[in-house]
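Below is one structure, written out as structure tokens, with a few remarks after it.
Residue numbers (my numbering): 1086 to 1185.
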């Protein structure tokens, strides 16, 4: 019985150490505001993609988007979990990222 427990413990340690390293993941959000609902949603989702890319991260899981219609404009908020993948890229705001 003692050797069975020792074997299980050793297997658990080996399994834990052999797995891939945990990536540094965070929740990233972007806002988009425009006169129409569709344009605000595009601003939010594409801005989110550029922010994630600019931070040197890769999106994991689905992109969530929630929009609120105001009296003159619509504001959309998109968010997604993003994990570290590469070094940060050169970006000017959320819209212009250079592949440098």
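Built from N, CA and C at the ideal position, the CB exists for glycine as well.
Check your understanding: Can you give the Cα-Cα distance for residue 1113 and residue 1146, rounded to whole angstroms?
Key -> Here residue 1113 refers to the residue found at position 28 when the chain shown is read from its first residue. Here residue 1146 refers to the residue found at position 61 when the chain shown is read from its first residue. Roughly 12 Å between the two C-alpha positions.
Check your understanding: Smallest Cα separation from residue 1125: which of 1171, 1150, 1166 and 1136?
Key -> Along the chain shown, read from residue 1 onward, the residue named residue 1125 stands at position 40. Minimum Cα distance to residue 1125 is reached at 1150.
Check your understanding: Relative to the C-alpha of residue 1148, which residue among 1175, 1132 and 1120 is closest?
Key -> Taking the first residue of the chain shown as 1, we reach residue 1148 at position 63. Closest by alpha carbon: 1132.
Point to revise | Between the CA atoms of residue 1168 and residue 1123 - distance to the nearest angstrom | key: As a first step, residue 1123 must be located in the chain shown, where it is residue number 38. As a first step, residue 1168 must be located in the chain shown, where it is residue number 83. Near 28 Å, if we compare the C-alpha coordinates of residue 1168 and residue 1123.
Review point. Could you give the distance in angstroms between the alpha-carbon of residue 1110 and the alpha-carbon of residue 1136?
Key: To locate residue 1110, count along the chain shown from 1; it is residue 25. To locate residue 1136, count along the chain shown from 1; it is residue 51. Going by the C-alpha atoms only, they are around 14 Å apart.
Practice item. Using alpha carbons as the reference points, say which of 1134, 1165 and 1159 lies closest to residue 1174. Key: Start at 1 with the first residue of the chain shown, and residue 1174 comes out as number 89. The shortest Cα separation from residue 1174 among 1134, 1165 and 1159 belongs to 1134.
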